[in-house]
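Chains as they are written, first to last, in UniProt numbering: chain A, 1 to 196; chain B, 1 to 196. Every residue, glycine too, gets a C-beta built ideally from N, C-alpha and C.
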DNA sequence: ATAAATATTTTGACCAGTCAGTATAATTTT
DNA sequence: AAAATTATACTGACTGGTCAAAATATTTAT
């Protein structure tokens, strides 16, 4: 039963996610992961090489999920401007989800330097983000609504703006600024792209 | 000898900074701080309430120092465009310094949620950053080189862009992209400000 | 089909190591 | 000598990982 083992792993990753959301990344112990998954202490180490291995898989799951949601939101609409709006809208999905997901993402980022595995996962995530940016910019140029010299630069800067905005919103801890950051980010990106 | 105690504290903060740079924030122990300061284990606890207290002071020192350097760089020049360039130039001071300082700053950011004291220190830092942004934007408008509707929004977005760029550069781990991110960030901000 | 044998998964006690903080002793300063 | 400062030994709590035994599932033999 290979599927069974995979399901267990998923269960443990989910448990680690919930534990991290509740207690904060750095305070999660193997015991916590086991408790949240309602299994005994030995199980995480049976399915994963180590605690760090559990978190690496969680990081992968997290970034994959964020990316897929963003991509899916964009696929719902047609024009470049609509796609940008859908993208931003999905990124700034809600204060609750953003707090949970982005705080954990930030915890991972802080450890990228120490964990080569994390760096690779994040590089993949960035690549996905850049591909989203590129497709919006290229389409926008084709539609004649954007005007940029360097598509790659614009694609990268879109994500820069998004991460900077989310980070700042999260750090300021003011729930109510969520809409403001979403709109400011959106507006800033449009100005950067020379939107008509 | 009040000055003596203050000097000792400074020595311990510096030691914590060096230890964190070498071993990574989360791996620094009280023993490390003592070792780097070349004192014995009991000393940090004599001058600070706890290890967390040492780090809180380090965080304050770090953000204060970053801000003062930025402000000083700007004061060297006259026009808004020059000030923006000086600001960006100081932010992207060098790959080595950026890696050290910004990695540690990131470690702190990841813990802002858990530590109310950190949140306050960072709020103060942001306030300083925004004041820099405001002064550049206001002067630029007065000089007729920038054109923005909302000064406060522009000021905040400048820092958003900077933090996003530094974060991404740091995460990608490609030393050589440093100049590229500096220039892209600069260019992006100028476009955002509607620079002539 | 049933029982025995084998393989897989789960349990939880345990170990070895770490570390923050404390207590007390020694030393230096005033 | 008294007070302030520093050194050192110690404690108590905690954690990641191990492992032998138990439970459960799967396969094989009768």
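When the cut-off is 9 Å and only beta carbons count, does residue i lie next to chain A?
i: residue 113(B); result: yes
i: residue 191(B); result: yes
i: residue 85(B); result: no
i: residue 198(B); result: An answer regarding residue 198(B) cannot be provided, because it is not within the stretch 1 to 196 covered by chain B.
i: residue 89(B); result: no
i: residue 122(B); result: yes
i: residue 163(B); result: yes
i: residue 151(B); result: no
i: residue 194(B); result: yes
i: residue 62(B); result: no
i: residue 12(B); result: no
Let's test the definition: count the other Cβ atoms within 10 Å of the Cβ of residue i and tell me whether it reaches 16, buried, or not, exposed.
i: residue 65(B); result: exposed
i: residue 116(B); result: exposed
i: residue 164(A); result: buried
i: residue 32(B); result: buried
i: residue 83(A); result: buried
i: residue 176(B); result: exposed
i: residue 75(B); result: exposed
i: residue 107(A); result: buried
i: residue 127(A); result: exposed
i: residue 160(A); result: buried
i: residue 27(B); result: exposed
i: residue 188(B); result: buried
i: residue 34(B); result: buried
i: residue 72(B); result: exposed
i: residue 40(B); result: exposed
i: residue 68(A); result: exposed
i: residue 42(B); result: exposed
i: residue 97(A); result: exposed
i: residue 152(B); result: exposed
Return the CA-CA distance between residue i and residue j, expressed in angstroms with no decimal places.
i: residue 54(A); j: residue 59(B); result: 30 Å
i: residue 63(A); j: residue 148(B); result: 35 Å
i: residue 1(B); j: residue 46(B); result: Note that residue 1(B) has pLDDT 49, beneath the 50 cutoff, so the model's placement of it is unreliable and no number is given.
i: residue 36(A); j: residue 29(A); result: 11 Å
i: residue 167(B); j: residue 102(B); result: 8 Å
i: residue 131(B); j: residue 155(B); result: 8 Å
i: residue 4(A); j: residue 51(A); result: 20 Å
i: residue 91(B); j: residue 162(A); result: 19 Å
i: residue 12(A); j: residue 172(B); result: 29 Å
i: residue 125(B); j: residue 157(B); result: 15 Å
i: residue 195(A); j: residue 7(A); result: 46 Å
i: residue 119(B); j: residue 143(A); result: 44 Å
i: residue 193(A); j: residue 146(B); result: 16 Å
i: residue 22(A); j: residue 114(B); result: 11 Å
i: residue 15(A); j: residue 104(A); result: 14 Å
i: residue 85(A); j: residue 186(A); result: 7 Å
i: residue 80(A); j: residue 88(A); result: 12 Å
i: residue 122(B); j: residue 183(B); result: 26 Å
i: residue 109(A); j: residue 141(B); result: 37 Å
i: residue 57(A); j: residue 174(B); result: 24 Å
i: residue 93(B); j: residue 70(B); result: 10 Å
i: residue 200(A); j: residue 138(B); result: Chain A is shown from 1 up to 196; residue 200(A) falls before or after that span and cannot be answered.
i: residue 99(A); j: residue 77(B); result: 40 Å
i: residue 48(A); j: residue 10(A); result: 11 Å
i: residue 44(A); j: residue 112(A); result: 22 Å
i: residue 25(A); j: residue 17(A); result: 9 Å
Can a CB atom of chain B be found closer than 9 Å to the CB of residue i?
i: residue 159(A); result: yes
i: residue 156(A); result: yes
i: residue 24(A); result: yes
i: residue 58(A); result: no
i: residue 52(A); result: no
i: residue 3(A); result: no
Residues, ordered as in the chain, of the region 26-49 of chain B that lie near chain A by beta-carbon distance below 9 Å: 26, 27
Complete alpha helix (DSSP H) runs within the region 56-95 of chain A (minimum length 4 residues, chain order): For the alpha helix (DSSP H) assignment, the uninterrupted runs of no fewer than 4 residues enclosed by the region 56-95 of chain A are, from N- to C-terminal side, 80-91.
Segments of 4+ residues assigned as alpha helix (DSSP H) that fall wholly inside the UniProt DNA-binding region "H-T-H motif" (29-48) of chain A: 30-37, 42-47
Interface positions of the region 94-111 of chain B facing chain A (Cβ-Cβ less than 7 Å), listed along the chain: 103, 106, 107, 109, 110
Interface positions of the region 115-147 of chain A facing chain B (Cβ-Cβ less than 8 Å), listed along the chain: 119, 122, 123, 126
Contiguous alpha helix (DSSP H) assignments of at least 4 residues, all confined to the region 113-187 of chain A: 116-143, 151-172
Chain A contacts made by the region 177-190 of chain B, where a contact means CB separation under 7 Å: So the close ones are 184, 188.
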